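2 protein chains.
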Amino acid sequence: MRARIEDVAEKAGVSMKTVSRVFNHEPNVREKTRLRVERAAQALNYRPNPSARSLAGNRSYLVSLVYDDPFAGSAYIMEIIVGMLQACESMRYSAMLRPLEFSSADHVASVENSIAQYRPDGLILVPPFADDAKLLHRLDELGARYATISAKSKDARVGTSLDERKAAGEVVDHLAALGHRRIAHVAGPAPHGGRVWRLSGYRDGLRRAGIAYDDSLVVDGGFSFEAGIAGAKQLLDLDDPPTAIFAANDDSACGVMHEAFERGLRIPQDLSVVGFDDTPTSRQVWPSLTTVRQPCREMGRIAAEQLLASIRDAGAGSLVRVPYELMVRQSTGPAPARTKRR
Amino acid sequence: MRARIEDVAEKAGVSMKTVSRVFNHEPNVREKTRLRVERAAQALNYRPNPSARSLAGNRSYLVSLVYDDPFAGSAYIMEIIVGMLQACESMRYSAMLRPLEFSSADHVASVENSIAQYRPDGLILVPPFADDAKLLHRLDELGARYATISAKSKDARVGTSLDERKAAGEVVDHLAALGHRRIAHVAGPAPHGGRVWRLSGYRDGLRRAGIAYDDSLVVDGGFSFEAGIAGAKQLLDLDDPPTAIFAANDDSACGVMHEAFERGLRIPQDLSVVGFDDTPTSRQVWPSLTTVRQPCREMGRIAAEQLLASIRDAGAGSLVRVPYELMVRQSTGPAPARTKRR
DNA sequence: CTGCGAATTGGCAGCGCTGTCAATTGCGAA
DNA sequence: TTCGCAATTGACAGCGCTGCCAATTCGCAG
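Chains as they are written, first to last, in the UniProt record's numbering: chain A, 1 to 342; chain B, 1 to 342.
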């Protein structure tokens, strides 16, 4: 049978408690004792039983990632998971995935429910959960630890943030510098903070370029490929269509490109397209997509690290601002000579 | 404080053990008693403590998914995770992600290690782990339960399989029917069963079409975008280049398309391209990619279901063959008139 | 040497649940 | 009504670990 802490204690000639101290890196263990214990543990191939540890210590050593179920499978989430896993691994924590329905009647209840059932020591929230003030407030009330990954920082104390507004502004700067004047935006879905910030940045950019905001050049979209197609249809049907389209994320940007190609437009000669996120797909499409890189993997890792710090001692852990980067690739080019098309 | 089983027992006027029976759906509980317990539990908002349950029951209620670390983040894995999560959810199991290095010195040891540490009740293996006879043998030796997701079925008893060889054959049939005679293959990476099966299917297809196998039209690739580019370069540099390229998966197919476009080739007019997997990206590129759909999400779900069945009682659980589907999209078309290009 | 505070180590109850087995109850046949 | 067997329920000892606190040892000043 598998070795227990008692066996290790006996073999090392110490008490169980001392073995426990060694395995938990607690102070006040003599170096010599520690070595003896470690050797004994090694010899017996001892591994602490996680369930027993959790039960006795009243902690789960579990962190759950809460995200919107329909986005399960998105590259964004996947990268965050990878980063989170790295951090958990090194701290001997486990990660648990909690795809929940944000749109469901009461997402606050579903998060509470998830906590009650699995008892994670902490949560990592991504948009739209991370942007939901009511949820964060309730979690504070419950005394739950959590970290957020989001552009918004107002309500957050621990996690990562990225200045999406500034990034979106730079996208428009880039397009304006290429001579574009009719720059459209396929906005994100309503409940997402991402929508608001990216849209604000878009307007900032227009302002800086001295371009008047034109309501007809902003269409409601979503974060999906299909939403990009729909948005592009609407924009390219305009009497005076845009020469550049900034989509709220890479998936929808791919949709825009797809629709443009269907209409025989060339990218970037006839139409420039920009995305947001820098997903692997954005590199794989042709022409490769100009986009804003969010370091999702690092964001996942940092959020988890900060969360674990705040679990270790309350008050620790902070909101880490991570850098974005405008990745200029092949889908943007100089604005075409101004002629009414269509 | 949180309600314990004892509180529920007291409130319902039964013993702890009876409450336990109700929560574990054990037989021999009178309907009336069950209702009384359920009502009491509801009133107290009782949730069994997973750690205590695991400790006392000597089970972890945990399933771990073992996959190759470099493929973390691939759409294939992501979809499998989603499916696996669905199955676990409904059986009140937790899923744990174990990205391990397949190429590391001893992947068998790293899997053993992972088992010792986390004590999952079962494992789900995907290629290349699923195809590694030595690993499976060792797991059998250890009495570990596992399910495999793979094309290969020889060593597997529980999990899902898909006839990749037949599917790859159909790809070639499709291309041959379009008049292609010079059909190339960018093969998968060596340790993957996928490589072997897809390559065999490719040869089957050629045979059926009466096309002689030409060594120069098969290049070693990999499952990455970059591998696709490299493979395409090699093939398109040939004196008599292929008119169709069948890549081992969608990512590498995207690489092939990318390189083709860089050379000014039109798809599918000048070159037909086919992938394998039907990842979301394959729909998002332009032209959309003809590929073989693997129902990854269902595969993940089914594998988990079969695994859980075999955990419940040894002997249960089987190898479920899942269907593939050739998705003919826009990246394949009639072979161009035969002229030496370059 | 001796005494004393600090450093180190040990003892043990108990975390919340399930497995085992014993006790009790229910129910149809005699 | 009574008996016997099956169905139902209960009692209780752990599962393997950590928290709490007591015991022991150490190092060094007096």
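Even glycine gets a Cβ: it sits at the ideal position worked out from N, Cα and C. Quick caveat, the model's predicted, so the values are computed rather than measured.
Would a C-beta distance cut-off of 7 Å place residue i and residue j closer than the cut-off?
i, j, result
"residue 139 of chain A", "residue 66 of chain A", "no"
"residue 85 of chain A", "residue 75 of chain A", "no"
"residue 198 of chain A", "residue 164 of chain A", "yes"
"residue 252 of chain B", "residue 221 of chain B", "yes"
"residue 176 of chain A", "residue 202 of chain A", "no"
"residue 83 of chain B", "residue 300 of chain B", "yes"
"residue 273 of chain B", "residue 245 of chain B", "yes"
"residue 59 of chain A", "residue 121 of chain A", "yes"
"residue 151 of chain B", "residue 135 of chain B", "no"
"residue 52 of chain A", "residue 55 of chain B", "yes"
"residue 102 of chain B", "residue 131 of chain B", "no"
"residue 345 of chain B", "residue 114 of chain B", "Residue numbering for chain B in the displayed model covers 1 to 342; residue 345 of chain B lies beyond these limits and cannot be assessed."
"residue 248 of chain A", "residue 217 of chain A", "no"
"residue 180 of chain A", "residue 128 of chain A", "no"
"residue 160 of chain B", "residue 320 of chain B", "yes"
Are there 16 or more other CB atoms within 10 angstroms of the CB of residue i, so buried, or fewer, so exposed?
i, result
"residue 104 of chain A", "exposed"
"residue 24 of chain A", "exposed"
"residue 231 of chain A", "buried"
"residue 324 of chain A", "buried"
"residue 26 of chain B", "exposed"
"residue 266 of chain A", "exposed"
"residue 315 of chain B", "exposed"
"residue 342 of chain B", "Below a pLDDT of 50, predicted positions are generally treated as unreliable, and residue 342 of chain B, at 39, falls in that range; the measurement from the model is reported next regardless. Looking at its Cβ environment, which holds fewer than 16 other Cβ atoms inside 10 Å, residue 342 of chain B is exposed."
"residue 373 of chain A", "Here chain A covers residues 1 to 342 and nothing more, so residue 373 of chain A does not appear."
"residue 304 of chain B", "buried"
"residue 137 of chain B", "exposed"
"residue 282 of chain B", "buried"
"residue 250 of chain B", "buried"
"residue 73 of chain A", "buried"
"residue 116 of chain B", "exposed"
"residue 133 of chain A", "exposed"
"residue 212 of chain B", "exposed"
"residue 41 of chain B", "buried"
"residue 227 of chain A", "buried"
Cutting at 7 Å between CB atoms, please list the residues of its own chain near residue i, excluding the five before and the five after it.
i, result
"residue 269 of chain A", "333, 336"
"residue 229 of chain A", "255, 258, 259"
"residue 293 of chain B", "278, 324, 325, 327"
"residue 16 of chain A", "5, 6, 9"
"residue 88 of chain A", "63, 94, 95, 304"
"residue 238 of chain B", "216"
"residue 157 of chain A", "319"
Could you tell me which chain A residues have their CB closer than 7 Å to the CB of residue i, listed as they occur along the chain?
i, result
"residue 47 of chain B", "116, 117"
"residue 261 of chain B", "286"
Might you give, ordered along the chain, the residues of its own chain that have their beta carbon closer than 8 Å to the beta carbon of residue i, omitting 5 neighbours on each side?
i, result
"residue 43 of chain B", "11"
"residue 7 of chain A", "44, 46"
"residue 233 of chain A", "259"
"residue 61 of chain A", "50, 53, 54, 92, 93, 94, 121"
"residue 172 of chain A", "183, 201, 202, 204, 205, 206, 208, 209, 246"
"residue 21 of chain A", "28, 29"
What residues of chain A sit near residue i, judged by a beta carbon separation below 9 Å?
i, result
"residue 78 of chain B", "72, 73, 74, 75, 77, 78, 81"
"residue 102 of chain B", "By Cβ distance, chain A contributes nothing, its closest Cβ being about 16 Å from residue 102 of chain B, past 9 Å."
Enumerate in chain order the residues of its own chain whose CB-to-CB distance from residue i is below 6 Å, with the five nearest sequence positions on each side excluded.
i, result
"residue 297 of chain A", "79, 82, 83"
"residue 290 of chain B", "274, 328, 329, 331, 332"
"residue 77 of chain A", "67, 71"
Listing by chain order, which chain B residues have their CB less than 8 Å from the CB of residue i?
i, result
"residue 99 of chain A", "82, 85"
Run down chain B in chain order and give the residues with a C-beta less than 7 Å from the C-beta of residue i.
i, result
"residue 257 of chain A", "286"
"residue 54 of chain A", "51"
"residue 281 of chain A", "281, 284"
Residues of chain B with CB under 9 Å from residue i, in chain order?
i, result
"residue 95 of chain A", "96, 97"
"residue 60 of chain A", "50, 51"
"residue 225 of chain A", "280, 283, 284"
- Determine contact between the segment 306-313 of chain B and the segment 258-273 of chain B, defined as no fewer than three beta-carbon pairs at a distance below 8 Å. Touching, no.
- Message: When you compare the segment 222-232 of chain A with the segment 176-192 of chain A, are there three or more beta-carbon pairs, one atom per stretch, that lie closer than 8 Å?
- Response: In short, these stretches touch, since the Cβ pair count reaches three.
- Cβ contact check for the segment 205-213 of chain A and the segment 134-154 of chain A: 3 or more pairs under 8 Å: With the rule of 3 Cβ pairs closer than 8 Å, the segment 205-213 of chain A does not count as touching the segment 134-154 of chain A.
- Query: On the three-pair Cβ rule with 8 Å, is the segment 29-36 of chain B touching the segment 29-48 of chain A?
  - Reply: Here the segment 29-36 of chain B does not lie against the segment 29-48 of chain A, with fewer than 3 beta-carbon pairs under 8 Å apart.
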